[in-house]
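Participant: Structure in structure tokens, see below.
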Amino acid sequence: ATVVAAASEDSDDLLIRQVVPESNLDDLILNADHHFTSFVKKFGKTYADTEEHAYRLSVFKSNLRRAKRHQKLDPSAVHGITKFSDLTPSEFRRSYLGLRRLKLPADAQKAPILPTND
Amino acid sequence: LPTDFDWRDHGAVTGVKDQGSCGSCWSFSTTGALEGANFLSTGNLVSLSEQQLVDCDHVCDPESPGSCDSGCNGGLMTSAFEYTLQAGGLQREEDYPYTGTDRGPCKFDKTKIAASVSNFSVVSLDEEQIAANLVKNGPLAVGINAAWMQTYIGGVSCPYICSKRLDHGVLLVGYGAEGYAPIRLKDKPYWIIKNSWGESWGENGYYKICRGHNVCGVDSMVSSVAAIHTTP
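Protein chains in written order, with the working numbering: chain A, 7 to 124; chain B, 4 to 235.
Right, here's the structure in full:
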């Protein structure tokens with residue numbers, strides 16, 4: 007990989023442009039049908055009928071493109087196929103997330119401030 | 004504060020659990036924090052029941068009476084701590100096992116309480132204070148925006164853009180000083196997060212997210228709990 011810095015030395019977190027080799031996500035996207043078969047087997051997925059299977063394949067392909075976008079915007083992590091790759095983002099939110107909005111009561115007990123030196 | 008810290012190395016964290024297709028992440032975050040606090044209080048690591056919270060905890064936010072803990076439809080860790088305080092405690096996982104559904108009745112047996120809350124509090128939006136509370140009080144219940152987690156496989160997640168709208172409850176168990184962040188040409192610190200999507204997700208069920216800028220809102224809803232030593 008070639009990295010081009012666009013930040014002066016004392017600027018800590020200025021973004022730089024990074025040029026990286028094409029990731030294996032391109033291969034995943036090109037061979038999505040094959041990888042979907044492996045995905046179904048690996049995670050023991052079952053679908054009601056061929057229509058559902060075809061729909062999940064289309065979602066899977068969409069998620070591979072999304073993983074590629076995530077990889078570009080989050081280069082220090084690895085993004086790709088997970089057990090949630092056949093779920094749309096809204097299905098994922100509905101089924102696996104469940105944190106309600108926090109409205110802290112006025113009398114919520116605040117943790118005391120702790121010393122952080124030594 | 005130590006430069007690196009991980010409660011897993013100190014025996015305060017149970018194995019990774021799997022919430023299944025149920026929006027009960029808030030209950031796993033709650034039990035994880037209380038498991039750690041109970042370990043600090045008693046010296047024993049006991050896996051606690053999420054199902055008790057899913058079935059029995061319907062505590063509402065005092066500021067918003069319509070917003071209540073509601074099984075697979077979601078909840079809030081601070082409300083769950085409040086429920087645990089009022090109920091007397093949580094049973095062991097093995098005594099009240101997780102089913103992944105919220106259609107059953109509450110089967111809480113007060114004679115089988117394994118861990119009790121003495122108090123809980125919210126931690127300020129300050130990463131040093133979060134780290135200090137983590138080290139002093141045990142794993143912390145935190146909220147996070149999970150948009151990037153659907154495709155996450157490993158490494159330190161440090162997305163350029165991430166909403167701070169919290170939608171997922173997880174457990175903060177540690178931090179590291181030198182995560183790999185090539186885009187900034189230097190190693191960057193990160194938080195170690197225990198998730199509840201099974202070991203087959205992420206890094207054996209764990210997520211690493213960079214520290215420093217309240218990334219994905221990870222610093223904005225942090226709560227700490229303390230346990231009291233009870234004898235069943």
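Note that CB positions come from ideal geometry on N, CA and C, so glycine has one too.
Note that this is a predicted model, so its numbers are computed, not measured.
Enumerate in chain order the residues of its own chain whose CB-to-CB distance from B:G107 is below 7 Å, with the five nearest sequence positions on each side excluded.
Facilitator: Position 104 of the second sequence, counted from the start, is the residue given in the question as residue 107 of chain B. Here the set comprises D58.
Participant: Check each residue of the region 78-94 of chain A: if its Cβ is closer than 7 Å to any Cβ of chain B, include it; give the result in chain order.
Facilitator: Under the 7 Å Cβ criterion, the region 78-94 of chain A contributes L79, D80, P81, S82, A83, V84, H85, G86, T88, K89, F90.
Participant: Which partner residues does B:W194 have in the DSSP bridge list?
Facilitator: As a working note, residue 194 of chain B is residue 191 in the second sequence. Answer by DSSP bridge pairing, in chain order: B:Y178, B:I212.
Participant: Could you check what DSSP says for B:P68 in three-state terms: helix, strand or coil?
Facilitator: To locate residue 68 of chain B, count along the second sequence from 1; it is residue 65. B:P68 falls in the strand class under three-state DSSP.
Participant: Tell me whether A:N37 is buried or exposed, calling it buried when 16 or more other Cβ atoms sit within 10 Å of its Cβ.
Facilitator: As a working note, residue 37 of chain A is residue 31 in the first sequence. So A:N37 ends up on the exposed side.
Participant: Is there a Cβ from chain A that is less than 8 Å from the Cβ of B:W194?
Facilitator: Start at 1 with the first residue of the second sequence, and residue 194 of chain B comes out as number 191. No, B:W194 does not count as interfacial toward chain A.
Participant: For B:L88, decide whether its Cβ has a neighbour in chain A, counting only Cβ atoms nearer than 8 Å.
Facilitator: The sequence position of residue 88 of chain B within the second sequence is 85, counting from 1. So, not an interface residue.
Participant: How many angstroms separate the CA atom of B:T87 from the CA atom of B:S119?
Facilitator: One-based indexing of the second sequence puts residue 87 of chain B at position 84. One-based indexing of the second sequence puts residue 119 of chain B at position 116. When rounded, the distance between both Cα atoms is 7 Å.
Participant: Report the three-state DSSP secondary structure of B:N136 (helix, strand or coil).
Facilitator: Start at 1 with the first residue of the second sequence, and residue 136 of chain B comes out as number 133. Here B:N136 sits in helix by DSSP.
Participant: Given that a residue counts as buried once 16 or more other Cβ atoms are within 10 Å of its Cβ, and exposed if not, what is A:Q115?
Facilitator: In the first sequence, residue 115 of chain A corresponds to position 109, counting from 1. By the 10 Å Cβ count, A:Q115 comes out exposed.
Participant: For B:V125, list the residues DSSP reports as bridge partners.
Facilitator: As a working mapping, residue 125 of chain B is identified with position 122 in the second sequence. According to DSSP, which records beta bridges pairwise, B:V125 is partnered with A:K116, B:S226.
Participant: Please return the same chain residues whose Cβ sits closer than 7 Å to the Cβ of B:A150, not counting the five positions on each side in sequence.
Facilitator: Residue mapping note: residue 150 of chain B aligns to position 147 of the second sequence, counting from 1. C165, S166, listed in sequence order.
Participant: Taking all protein chains shown into account, decide if B:H171 is buried (16 or more other Cβ within 10 angstroms of its Cβ) or exposed.
Facilitator: If you number the second sequence from 1, residue 171 of chain B lands on position 168. Per the 10 Å Cβ criterion, buried.
Participant: Who are the neighbours of B:N122 on chain A, taking C-beta pairs under 9 Å?
Facilitator: Your numbering for residue 122 of chain B matches position 119 in the second sequence. Here the neighbours are Q115.
Participant: Looking at the structure shown, is B:Y86 part of a helix, part of a strand, or coil, going by DSSP?
Facilitator: Counting from one through the second sequence, the residue named residue 86 of chain B turns up at place 83. Three-state result, B:Y86: helix.
Participant: Within the continuous alpha helix (DSSP H) that includes A:V65, where are the two ends?
Facilitator: The count along the first sequence starts at 1 and reaches residue 65 of chain A at position 59. From DSSP, the alpha helix (DSSP H) with A:V65 extends over 56-79.
Participant: So that I know if they touch, is there some Cβ in chain B lying closer than 8 Å to that of A:L105?
Facilitator: Counted from its first residue, the first sequence places residue 105 of chain A at position 99. Yes, because at least one Cβ of chain B sits closer than 8 Å to the Cβ of A:L105.
Participant: Any Cβ of chain A within less than 8 Å of the Cβ of B:E53?
Facilitator: Locating residue 53 of chain B in the second sequence gives position 50, where the first residue counts as 1. By this cut-off, B:E53 is not an interface position.
Participant: Taking the alpha-carbon positions, what's the B:Y193 to B:Y209 distance?
Facilitator: One-based indexing of the second sequence puts residue 193 of chain B at position 190. One-based indexing of the second sequence puts residue 209 of chain B at position 206. Answer to the nearest angstrom: the Cα atoms are 12 Å apart.
Participant: Closest to B:Q55 by C-alpha separation, out of B:V49, B:P100, B:A144, would be which residue?
Facilitator: In the second sequence, residue 55 of chain B corresponds to position 52, counting from 1. Per the Cα distances, B:P100.
Participant: Applying a beta-carbon distance threshold of less than 9 Å, which residues of chain A neighbour B:D131?
Facilitator: Reading the second sequence from its first residue, position 128 is the one you call residue 131 of chain B. The identity of residue 131 of chain B in the sequence shown is Glu, whereas the question assumes Asp. In chain order: L120, T122.
Participant: Starting from the beta carbon of B:S160, find every residue of chain A whose beta carbon is closer than 8 Å, and list them in chain order.
Facilitator: Position 157 of the second sequence, counting from 1, holds the residue named residue 160 of chain B. Result: D80, S82, A83.
Participant: Where does the unbroken alpha helix (DSSP H) through B:G35 begin, and where does it stop?
Facilitator: Within the second sequence, residue 35 of chain B is the residue found at index 32, counting from 1. Segment 28-45, the alpha helix (DSSP H) holding B:G35.
Participant: Taking all protein chains shown into account, do 16 or more other C-beta atoms lie within 10 angstroms of the C-beta of B:T33, making it buried, or fewer, making it exposed?
Facilitator: Here residue 33 of chain B refers to the residue found at position 30 when the second sequence is read from its first residue. Result: buried.
Participant: Under 8 Å, with one C-beta from each stretch per pair, do the region 129-137 of chain B and the region 195-213 of chain B reach the 3-pair mark?
Facilitator: Contact between the region 129-137 of chain B and the region 195-213 of chain B is absent, because fewer than three Cβ pairs lie under 8 Å.
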